[in-house]
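Chemist: I'd like to ask you about the structure that follows.
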Amino acid sequence: MLHVRFLSWLTVTVGLVILPIRANKAATQNLQAMVVAPHPAAATVGAEVLRAGGNAVDAAVATALMISVVEPFSAGIGGGGFALVYDASSQDITALDFRERAPLSATPAMYLDSAGNLIPRASLDGVLAAGTPGTIAGLAALHHRYGKLPWRQLVAPAIHAAEEGFSVTERYRRAATLRLAVLQADATARQIFLDQGQVPTLGTVIRQPDLAKTLGAIATNPNNFYNGWIATAIADFMGQSGGKMSRADLASYQPIWRSPICGRYRGLQVCSMPPPSSGGVTLIQMLNLLQALPPATTPTDRGHQLASVMQIAYADRAHYLGDSDFVAVPIALLTSPAYAQQRAREILPQQARPQSRVRAVDPSQLHRPESGNTSHLTVVDTARNAVSLTFTINGAFGAGVVVPQTGILLNNEMDDFAIAPNQPNLFGVVGVQVNNQPLANGISGGKRPLSSMTPTIVTRDGQLVMAMGSTGGSRIITAVLQLLLNIIDHGQDAPTALASPRLHQQWEPDVLFVEPGVSPEWLATWQQWGYTVVQPQPWGNANLIRVLDNGTLEGAADPRGEGIAAGF
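Residues in the sequence shown are numbered from 1 upward in steps of one, following my numbering.
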């Protein structure tokens, strides 16, 4: 049910204490603890958890749960994601994979008709599009290993927000407009997220009492999601609606602790997520390639270098990256500086290369032994522990289906698999078959689809330098790359680094995407060099926190979104 009223989220109750929090959309500087999130309510709750004595993981858990309520179009408890954690006391960085998983009964042909043709939008809309959710299992695993405050206390603000409601914003309206037809088609989603079947007006307050009830059960025990009445409700709904997710899928789901992918750039250690995220491998590969190239002397040369290294890395991504628990991923080779030196020789000055001339790594080298609409949040606490967490339900409003009586909006992450060779997904990326072998990112029961999520933490001599991440599908990795370069190479502060226009090349399609704000002369030069230049609307919703020279923190939210930096 919808009620029209306006809510202020500048102070939110944590436990029984209301705490003043300093928040700024553009940037916040010289603070000791900070949360940056894409929604003011989420950032504020996270900062209050820090102020109440919680650590970075406590704040990340509370922030993610709040995002799940107030940004249902981007991420939620019906999805999954990845987290990177920096432990200041040990200087260790750990990676948690809580990515959605294909149902155990999933098959490579599940989106094909009897004639072998793709069923339109079957991997995007409806129950067949959903993978087994990992968000609650992931947040619970983070809290179990690192958390200080009681789990119930961290869930409480999200329950309150689900009961009391949140105000519709422009971002909500854009997402709902994009997915209006699929939301209208599901009776439960239509009742919750629309107003009499139409996109709600600005300021309309959306209450989610069923989600509040579900979160209440999760606050008592997060395992209720996977083995309690919530799991029964999901499995029963799937069975009645033709979906594949079962009680066995939910009961057997486990998040996985993995070793991060790390590399060196300009004397810094850069760490990000391993497969089934493509973020870490692709990011380190691009940084290695840039270091193997001669310094660019002009902005147009720099743009050409960026586009060229993106092309090479995304060609390798399309051919070889997938869930490393199911396929052999040549991580050591792809992230090797020697490999980057070899591939950098292919890049021609002031000359674009067509896709057909940009090949993936030679398969003969793969035997060498070793020597993937989203939300991102970043947290640093007073001890300089840090969390960089990206989670999602994939497209706007996910599969567009809500499990009745639970408020759980299901993801459409199955579209992140390569459902057929050279078949682009929602974000235009493809999977390429190599030597007639099964697709590295092909569908298999229990497998996790390839992701582009790239939560990233940078250190120098073991000390935290910055943490960051972004949204944007296949453009996440290149957004994080350019944030790093803006700060490390160009000396920009956080808000400037985030506001700077971005470019993106992903091998397929063979297009150089450039955000508005780039000089027309640069665009003309790139076109003269052979690029097909396209200027879409700005993309991504990044944020970052960095440690300043005086030891305090600077953080900022992306001006493309509605987030804030909050702290004390």
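We put the beta carbon where it would ideally sit given N, CA and C, even for glycine. The model shown is predicted, which means the values in this text are computed figures rather than measured ones.
Within the continuous alpha helix (DSSP H) that includes Val61, where are the two ends?
Modeler: Residue mapping note: residue 61 aligns to position 61 of the sequence shown, counting from 1. That run of the alpha helix (DSSP H) goes 56 to 70.
Chemist: Which first and last residues belong to the alpha helix (DSSP H) in which Ala313 is found?
Modeler: Taking the first residue of the sequence shown as position 1, residue 313 is located at position 313. That run of the alpha helix (DSSP H) goes 299 to 320.
Chemist: Return the first residue and the last residue of the beta strand (DSSP E) that Gln29 is part of.
Modeler: Translated into the one-based positions of the sequence shown, residue 29 becomes position 29. 28 to 31 is the extent of the beta strand (DSSP E) around Gln29.
Chemist: From which residue to which residue does the alpha helix (DSSP H) around Thr382 run?
Modeler: For the purposes of this step, residue 382 is identified with residue 382 of the sequence shown, where counting begins at 1. Premise fails: Thr382 is in no alpha helix (DSSP H) and is neither H nor E.
Chemist: Could you give the distance in angstroms between the alpha-carbon of Met66 and the alpha-carbon of Gln528?
Modeler: On the sequence shown, residue 66 is found 66 positions in, with the first residue counted as 1. On the sequence shown, residue 528 is found 528 positions in, with the first residue counted as 1. Answer to the nearest angstrom: the Cα atoms are 48 Å apart.
Chemist: So, with DSSP's three-state summary, where would you put Asn227?
Modeler: One-based indexing of the sequence shown puts residue 227 at position 227. Of the three classes helix, strand and coil, the one that applies to Asn227 here is helix, per DSSP.
Chemist: When the Cα atoms are used, what is the spatial distance from Gly517 to Arg152?
Modeler: Your numbering for residue 517 matches position 517 in the sequence shown. Your numbering for residue 152 matches position 152 in the sequence shown. Cα to Cα, the separation comes out at about 46 Å.
Chemist: If we define contact as Cβ-Cβ less than 8 Å, is Asp87 a contact residue for chain D?
Modeler: Here there is only one protein chain, and chain D is not present.
Chemist: Within 8 Å, do at least three Cβ pairs link the segment 285 to 296 to the segment 235 to 250?
Modeler: no
Chemist: Among Leu180, Ser452, Trp229, whose alpha-carbon lies nearest the alpha-carbon of Gly398?
Modeler: As a working mapping, residue 398 is identified with position 398 in the sequence shown. Checking every option, the nearest Cα to that of Gly398 belongs to Leu180.
Chemist: Quick one: complete beta strand (DSSP E) runs, 3+ long, within the segment 162 to 226?
Modeler: The qualifying runs are 204 to 206.
Chemist: Is His143 buried or exposed, if buried means 16 or more other CB atoms sit within 10 Å of its CB?
Modeler: Here residue 143 refers to the residue found at position 143 when the sequence shown is read from its first residue. Flag for His143 reads buried.
Chemist: Considering Cα atoms alone, identify which of Leu139, Tyr265, Ser105 is closest to Ala130.
Modeler: As a first step, residue 130 is located in the sequence shown; it is residue number 130 there, counting from the start. When only C-alpha atoms are compared, the closest one is Ser105.
Chemist: Look at the alpha carbon of Arg5 and the alpha carbon of Lys148, and state the distance between them as a whole number of angstroms.
Modeler: The residue labelled residue 5 in the question sits at position 5 within the sequence shown. The residue labelled residue 148 in the question sits at position 148 within the sequence shown. Confidence at Arg5 is low in this model, with a pLDDT of 28, below 50, so its placement is unreliable and no value can be given for it.
Chemist: Suppose the cutoff is 7 Å on Cβ atoms and the five residues either side in sequence are ignored; what does the same chain contact list for Val70 look like?
Modeler: Walking along the sequence shown from the start, residue 70 turns up at place 70. Excluding positions up to five away in sequence, the list reads His39, Ala41, Ala42, Ala161, Phe166.
Chemist: Roughly how many angstroms lie between the CA atoms of Ala158 and Asn117, to the nearest whole one?
Modeler: To locate residue 158, count along the sequence shown from 1; it is residue 158. To locate residue 117, count along the sequence shown from 1; it is residue 117. When rounded, the distance between both Cα atoms is 43 Å.
Chemist: According to DSSP, what are the bridge partners of Asn543?
Modeler: Your numbering for residue 543 matches position 543 in the sequence shown. Its beta-bridge partners are Gly469, Ala557.
Chemist: Rounded to the nearest angstrom, how far is the Cβ of Ala566 from that of Val35, given a contact under 8 Å?
Modeler: Along the sequence shown, one-based indexing puts residue 566 at 566. Along the sequence shown, one-based indexing puts residue 35 at 35. Right, the Cβ-Cβ distance comes to about 5 Å (below 8 Å), so this counts as a contact.
Chemist: Taking the alpha carbon of Arg546 as the point to measure from, which residue in Ala175, Pro404, Val458, Ser500 has its own alpha carbon closest?
Modeler: As a working mapping, residue 546 is identified with position 546 in the sequence shown. Nearest to Arg546 by C-alpha distance, out of Ala175, Pro404, Val458, Ser500, is Val458.
Chemist: Which one of Trp229, Ser324, Gly551, Ala233 has the shortest CA to CA distance from Pro276?
Modeler: For the purposes of this step, residue 276 is identified with residue 276 of the sequence shown, where counting begins at 1. Closest by alpha carbon: Ser324.
Chemist: Between which two residues does the alpha helix (DSSP H) carrying Ile136 extend?
Modeler: Locating residue 136 in the sequence shown gives position 136, where the first residue counts as 1. According to the DSSP assignment, Ile136 belongs to the alpha helix (DSSP H) that extends over 135 to 146.
Chemist: Gly46 lies in the alpha helix (DSSP H); which residues open and close that run?
Modeler: Along the sequence shown, one-based indexing puts residue 46 at 46. Gly46 -> alpha helix (DSSP H) spans 40 to 51.
Chemist: What is the C-beta distance between Val465 and Leu268, in whole angstroms, given that I count them as a contact (C-beta under 8 Å)?
Modeler: Along the sequence shown, read from residue 1 onward, the residue named residue 465 stands at position 465. Along the sequence shown, read from residue 1 onward, the residue named residue 268 stands at position 268. That pair is a contact at about 6 Å.
Chemist: Grab me the residues of Thr232's own chain with a C-beta within less than 8 Å of its C-beta, minus the 5 sequence neighbours each way, in chain order.
Modeler: For the purposes of this step, residue 232 is taken as residue 232 along the sequence shown, with counting starting at 1. By the criterion of a C-beta distance shorter than 8 Å, Thr232 is surrounded in its chain by Arg247, once the five residues flanking it on both sides are discounted.
Chemist: Classify Thr204 as buried or exposed, calling it buried when 16 or more other Cβ atoms lie within 10 Å of its own Cβ.
Modeler: Start at 1 with the first residue of the sequence shown, and residue 204 comes out as number 204. Buried.
Chemist: I believe Phe417 touches Asn441 by the beta-carbon criterion, under 8 Å. Please report the beta-carbon distance rounded to the nearest angstrom.
Modeler: Residue numbering aside, residue 417 sits at position 417 when the sequence shown is read from its first letter. Residue numbering aside, residue 441 sits at position 441 when the sequence shown is read from its first letter. Yes, Phe417 and Asn441 are in contact; Cβ-Cβ is about 6 Å, under 8 Å.
Chemist: Leaving aside the five residues before and after Gly540 along the sequence, list all residues of the same chain whose C-beta is less than 8 Å from its C-beta, in chain order.
Modeler: In the sequence shown, the residue the question calls residue 540 occupies position 540. If we look at Gly540 and ignore the five residues flanking it on each side, its Cβ neighbours are Ser470, Thr471, Gly472, Arg475, Ile476, Ala479, Arg502, Asp558, Arg560.
Chemist: Please identify the residue among Ile312, Asp195, Gln342 whose C-alpha is closest to the C-alpha of Arg359.
Modeler: Here the question's residue 359 lines up with position 359 in the sequence shown. Ranking Ile312, Asp195, Gln342 by Cα distance to Arg359 puts Ile312 first.
Chemist: Quick check on DSSP: helix, strand or coil for Gly239?
Modeler: In the sequence shown, the residue the question calls residue 239 occupies position 239. In this structure, Gly239 counts as helix in the three-state DSSP scheme.
Chemist: Comparing alpha-carbon positions, which option in Val379, Leu410, Asn412, Ser451 lies nearest Ala47?
Modeler: One-based indexing of the sequence shown puts residue 47 at position 47. Considering only Val379, Leu410, Asn412, Ser451, the residue with the shortest C-alpha distance to Ala47 is Val379.
Chemist: Compute the beta-carbon to beta-carbon distance between Gly407 and Leu139, rounded to the nearest angstrom, for a pair I have assumed lies under 8 Å.
Modeler: Residue 407 sits at position 407 when you count from the first residue of the sequence shown. Residue 139 sits at position 139 when you count from the first residue of the sequence shown. At roughly 17 Å, the Cβ-Cβ gap does not stay under 8 Å, so Gly407 and Leu139 are not in contact.
Chemist: Does DSSP put Tyr111 in a helix, in a strand, or in coil?
Modeler: Counting from 1 along the sequence shown, the entry for residue 111 is found at position 111. Reduced to three states, the DSSP call for Tyr111 is coil.
Chemist: From what residue to what residue does the beta strand (DSSP E) around Gly569 run?
Modeler: The question about residue 569 has no answer, for the chain in this structure spans 1 to 568.
Chemist: Ordered along the chain, which non-local residues of its own chain (more than five positions away) have a Cβ less than 8 Å from that of Thr169?
Modeler: Within the sequence shown, numbered from 1, the residue matching residue 169 stands at position 169. Excluding residues within five positions, the ones whose Cβ falls inside 8 Å are Leu202, Glu562.
Chemist: Where Gln208 and Ile192 are concerned, what is the direct C-alpha to C-alpha distance, given to the nearest angstrom?
Modeler: Counting from one through the sequence shown, the residue named residue 208 turns up at place 208. Counting from one through the sequence shown, the residue named residue 192 turns up at place 192. Computed Cα separation, rounded: 7 Å.
Chemist: Smallest Cα separation from Gly530: which of Ala307, Phe326, Val57?
Modeler: Counting from one through the sequence shown, the residue named residue 530 turns up at place 530. Closest by alpha carbon: Ala307.
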